[in-house]
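S.K.: Pasting in a structure now, in structure tokens, and then I'll have a few things to ask.
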Amino acid sequence: MCPTVDDPVARAGSELIGGPAGRRIRFARRGDGSFWTPLRVMALCAVVIFALGMVQKYPCYAQDWFQGANAQYVHACYSDIPHLYQGRGFAGGQIPYVDRLPDKVSPDLHYLEYPVLTGVFMQIAAWLTPGGTVDSDIVHREQIFYLVNAGMLMVCLVIAVVAVARTHRRRPWDAALLALSPAVLLNATINWDLFAVALLAVGMALWARKRPVWAGVLFGLATAAKLYPVLIFGPLLVLCWRAGRWRALGQAAAGAAGAWLVVNIPWMIANPTGWATFYTFSQSRGEDYGSFWLVLMQQRGKALGIDSLNAGEGIVMVVCCAAVGLLALAAKRRPRLPQLAFLVVAAFVLSNKVYSPQYVVWLVPLAALARPRWRDLLIWQAGECLYFLGIWMYLAATVVENGKGLPQGGYHLIIMLHILCTLYLCGVIVRDILAPDRDPVRLDGSDDPAGGVLDGAPDRFTLRSLVVRQ
């Protein structure tokens, strides 16, 4: 399916490069002598977008990361990557999770606060960064560390784009929604999230190819890199329940558990305290930037307290997941896997105690598969781009005395706009589930191209059938 045929925004945008596809268009394929296949075009687009994102970070790379906190916020080019090179012991040769960080390096955290596989990713980048004395050339080494990580993350983005294209085999151009994403351009190198995004995307492509064991392995590895990929098993559970595909679900779950344990057990044994830091840090975190919990706290003038906050976050997440599960079992036609995956991850993002701007990259591949329409994704990402600017302007106003930037009230409005834009896309996806004739993926008669064993499978259980029996 060519996007310029069935997407009005893509059709209008194509005028810049020759116009929409005609009736006699011939698509390039492997083996026919044409180099520019859809996959290669989108891989190139991903590289270009990633490079533009690095250009956007250049003022910080050149000086702002190293000359006080405020400049990197004013220029909206902040990244965790260079700061954590020294701040998490990589510059000093400390091994993540094993070596305790010196108090002078990290007075608040004694071990790396990231999941294990992300820590391994960071350590590999540190090994690839040329050594030197910590004091004399640390700025240069932090710059190189950023460039090494950026190169590795660019590979992750290309892998994710190819995986999304391979997931919907009849709609490879939908991956352009990821490859050309404005949100990815701005947020790709803030943190290491693209690593988990790539692993999850490959896992979903394998599930679509009816390889549940290997899909589970990738889901487990993705969960070892970031927590949110484990949420994919919620949609898989209700969809496999509805279709009676328990064997495939069990295979995927076993593959995920095995992969996660293989990665994590060595670090658990080496230093249980260091390994558990990610989980204890997340549990003890209070209301933080970007969340509606922060808005609530600042409006009330009083924090909820860690126990109440964790309970509130958990309740909101459970209610949202229950609602998605009921929707999946009650809908007249079984929803597609990416639709439910987007809704569940969006619920996690919106109910979380913190919303970092790079979290949007978790959702972009799922959105491209769930609702492949440029208009809706651009509306959503417009809110995310405004939030990207808003968080840095707010920090510019608050990290230094008499700083100039966005006041607290303006920041609250930006947070609510980000939430509303995400809810807008959730609402469109729910509408597609309730009215499948409005789902772009199903317009050609497809069922669930990303569903693997679920694609075209008859229903075995629904809430409607349960009501009829009674």
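Here the sequence shown stands for residues 1 to 470, numbered as in this note's numbering. Yeah, the Cβ is synthetic: ideal placement off N, Cα and C, and Gly gets one too. All of these numbers come straight from a predicted model, not from anything done at the bench.
Using the beta-carbon count (16 or more within 10 Å), is W36 buried or exposed?
M.R.: One-based indexing of the sequence shown puts residue 36 at position 36. Exposed, since its Cβ has fewer than 16 Cβ neighbours within 10 Å.
S.K.: Going by beta-carbon coordinates alone, are V324 and L340 separated by less than 9 Å?
M.R.: On the sequence shown, position 324 is the one that residue 324 refers to. On the sequence shown, position 340 is the one that residue 340 refers to. Going by C-beta atoms, V324 is nearer than 9 Å to L340.
S.K.: Assign P82 to buried or exposed, taking buried as 16 or more other Cβ atoms, counted over all protein chains shown, within 10 Å of its Cβ.
M.R.: The residue labelled residue 82 in the question sits at position 82 within the sequence shown. Counting Cβ neighbours within 10 Å, P82 comes out buried, since at least 16 surround it.
S.K.: When you compare each of A256, V349, V441 to H418 by their alpha carbons, which one comes out closest?
M.R.: Residue numbering aside, residue 418 sits at position 418 when the sequence shown is read from its first letter. For the residues A256, V349, V441, the minimum Cα distance to H418 belongs to V349.
S.K.: Should the region 99-108 be regarded as contacting the region 50-68, the criterion being three or more beta carbon pairs within less than 8 Å?
M.R.: Because the criterion of three Cβ pairs below 8 Å is not met, the region 99-108 and the region 50-68 do not touch.
S.K.: Determine the DSSP secondary structure at G87, reduced to helix, strand or coil.
M.R.: Working through the sequence shown from its first residue, we reach residue 87 at position 87. Three-state result, G87: helix.
S.K.: Looking only at C-alpha atoms, which of Q408, W127, A62, L326 sits nearest to L434?
M.R.: In the sequence shown, counting from the first residue as 1, residue 434 sits at position 434. Answer by Cα proximity: L326.
S.K.: Alpha carbon to alpha carbon, what distance is there between P372 and N187?
M.R.: Here residue 187 refers to the residue found at position 187 when the sequence shown is read from its first residue. Here residue 372 refers to the residue found at position 372 when the sequence shown is read from its first residue. Those two C-alpha atoms are separated by around 21 Å.
S.K.: Pull up the distance between the alpha-carbon of T129 and that of A328, whole angstroms please.
M.R.: Within the sequence shown, residue 129 is the residue found at index 129, counting from 1. Within the sequence shown, residue 328 is the residue found at index 328, counting from 1. Approximately 48 Å between the Cα atoms of the pair.
S.K.: For N352, which three-state DSSP category applies?
M.R.: Here residue 352 refers to the residue found at position 352 of the sequence shown. Note: N352 maps to coil in three-state DSSP.
S.K.: Quick check on DSSP: helix, strand or coil for V400?
M.R.: Against the sequence shown, residue 400 aligns to sequence position 400. The answer is coil: DSSP assigns V400 none of H, G, I, E or B.
S.K.: Look at the alpha carbon of S181 and the alpha carbon of V364, and state the distance between them as a whole number of angstroms.
M.R.: As a first step, residue 181 must be located in the sequence shown, where it is residue number 181. As a first step, residue 364 must be located in the sequence shown, where it is residue number 364. Distance between the alpha carbons of S181 and V364: 8 Å.
S.K.: Rounding to the nearest angstrom, what Cα-Cα distance links C321 and I232 in this structure?
M.R.: Mapped onto the sequence shown, residue 321 falls at position 321. Mapped onto the sequence shown, residue 232 falls at position 232. If I take the Cα positions, the gap works out to 11 Å.
S.K.: Run through DSSP, which three-state label would I414 get?
M.R.: By one-based count along the sequence shown, residue 414 stands at place 414. Residue state, collapsed to three classes: helix.
S.K.: CA-CA distance, L199 and K226?
M.R.: Taking the sequence shown and counting its residues from 1, the one referred to as residue 199 is at position 199. Taking the sequence shown and counting its residues from 1, the one referred to as residue 226 is at position 226. Taking the straight line from one Cα to the other gives about 10 Å.
S.K.: Using the three-state DSSP reduction, which class does Q94 fall into: helix, strand or coil?
M.R.: Position 94 of the sequence shown, counting from 1, holds the residue named residue 94. The answer is coil: DSSP assigns Q94 none of H, G, I, E or B.
S.K.: With a 10 Å radius around its C-beta and 16 neighbouring C-beta atoms as the bar for buried, classify S34 as buried or exposed.
M.R.: What you label residue 34 is simply residue 34 of the sequence shown in a count that begins at 1. The residue is exposed, with fewer than 16 neighbouring Cβ atoms inside 10 Å.
S.K.: Could you tell me if W173 is buried or exposed, where buried requires 16 or more neighbouring beta carbons within 10 angstroms of its beta carbon?
M.R.: The residue given as residue 173 occupies position 173 in the sequence shown. The residue in question, W173, is buried, as its Cβ has 16 or more Cβ neighbours within 10 Å.
S.K.: Do P357 and A175 have their CB atoms nearer than 9 Å?
M.R.: Within the sequence shown, residue 357 is the residue found at index 357, counting from 1. Within the sequence shown, residue 175 is the residue found at index 175, counting from 1. No, Cβ-Cβ distance for P357 and A175 is not below 9 Å.
S.K.: State buried or exposed for T273, treating a residue as buried only when at least 16 other CB atoms are found within 10 Å of its CB.
M.R.: As a position in the sequence shown, residue 273 is number 273, starting the count at 1. That one is exposed.
S.K.: Who are the Cβ neighbours of D447 in its own chain at under 7 Å, not counting the five residues just before and after it?
M.R.: As a position in the sequence shown, residue 447 is number 447, starting the count at 1. Contacts found: D455, G456.
S.K.: How about Q86 and I138: do their beta carbons lie closer than 9 Å?
M.R.: For the purposes of this step, residue 86 is taken as the residue at position 86 of the sequence shown. For the purposes of this step, residue 138 is taken as the residue at position 138 of the sequence shown. Cβ distance < 9 Å, so Q86 and I138 count as in contact.
S.K.: Alpha carbons only, please: which of L294, W392, I49 is nearest the one belonging to V161?
M.R.: Mapped onto the sequence shown, residue 161 falls at position 161. Ranking L294, W392, I49 by Cα distance to V161 puts I49 first.
S.K.: Does the region 189-204 touch the region 436-443, meaning 3 or more C-beta pairs lie closer than 8 Å?
M.R.: Counting Cβ pairs under 8 Å, fewer than three are found: no touch.
S.K.: Following the continuous alpha helix (DSSP H) through Y279, name the residue where it begins and the one where it ends.
M.R.: Locating residue 279 in the sequence shown gives position 279, where the first residue counts as 1. Here the alpha helix (DSSP H) through Y279 covers 272-284.
S.K.: Whether or not the region 239-254 and the region 281-293 are in contact is what I'm after, with contact meaning three or more pairs of Cβ atoms, one per stretch, closer than 8 Å; do they touch?
M.R.: Too few Cβ pairs lie closer than 8 Å, so no.
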